[in-house]
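Participant: In the UniProt record's numbering, the protein residues as written are 1 to 203.
Cβ atoms here follow ideal geometry from the backbone N, Cα and C, with glycine treated the same way.
#1: Considering only C-alpha positions, which residue in the set 167, 160, 80 is nearest to residue 115?
#2: Which residues bound the alpha helix (DSSP H) around residue 36?
#3: So what's residue 235 in DSSP terms, helix, strand or just coil?
#4: Output the distance between the C-alpha atoms of residue 39 and residue 62, rounded to the nearest integer angstrom.
#5: Could you tell me the alpha carbon to alpha carbon distance between residue 190 and residue 88, rounded to whole angstroms?
#6: Counting only runs that start and end within the region 90–148, where is the beta strand (DSSP E) found for 3 or more residues in a row?
#7: Would you mind sorting residue 184 into buried or exposed? The rule is 16 or more other CB atoms within 10 Å of its CB.
#8: Where does the unbroken alpha helix (DSSP H) through residue 173 begin, and where does it stop?
#9: Mark residue 146 as exposed unless 16 or more other C-beta atoms lie within 10 angstroms of its C-beta, in which case mark it buried.
#10: What's the C-alpha gap between residue 196 and residue 159?
#11: Give me, in chain order, the residues of the same chain whose beta-carbon lies closer than 7 Å to that of residue 162; leave out the 5 immediate sequence neighbours on both sides.
#12: Just to confirm my understanding: we take residue 122, look at its own chain, exclude 5 residues before and 5 after, and list those with CB closer than 6 Å. What are they?
#13: Measure the CB-CB distance between residue 100 and residue 10 and report whether it falls below 8 Å.
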């Protein structure tokens, strides 16, 4: 039986080094980073949503559900839990998470990662939030976050540490001619994303 999955773009990143605002709404190649991500996930025909804090209206033009996370201080795992809960409500077996500042993910990413749990790697780097999570792990994640106090070290909320508890597999992707998990963290990165968008569009 085929795996039923949903996809969630984690849009919590702030563009602090680029004047503030949401990184996924920055533009490369004349389009937002979020547009690039959704274009690569959309053809799979699976339910998609955006995970973000604050006013959901800023993502209104994308026409997708916006999932808040209600665990301040829990970091990206709060978004993963919100994604799992939403996917569970749809009757899915797994949920794919992708950061909204990673515009050039492989178009076959969900197929390559299946079955869950699995995480993407390129070169020698593991991309902890480019992952296919089993929805069945949500109770364990909720319990883990509930048991972690607000004064706990950041490592206690680490994605890698939780992933290890559910047997996450590494799936290696080629990083040639460019790293498909390149993400935007600085003005120089945004300029590189603009260059790559033009290169991909001409290819």
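Facilitator: Quick answer:
#1: 167
#2: 33–41
#3: Shown here, the chain extends from 1 to 203; a query on residue 235 therefore has no answer.
#4: 11 Å
#5: 35 Å
#6: 94–99, 118–122, 125–134
#7: buried
#8: Here residue 173 belongs to no alpha helix (DSSP H); instead the beta strand (DSSP E) covers 169–173.
#9: exposed
#10: 28 Å
#11: 77, 141, 144
#12: 173, 175, 179, 181
#13: yes
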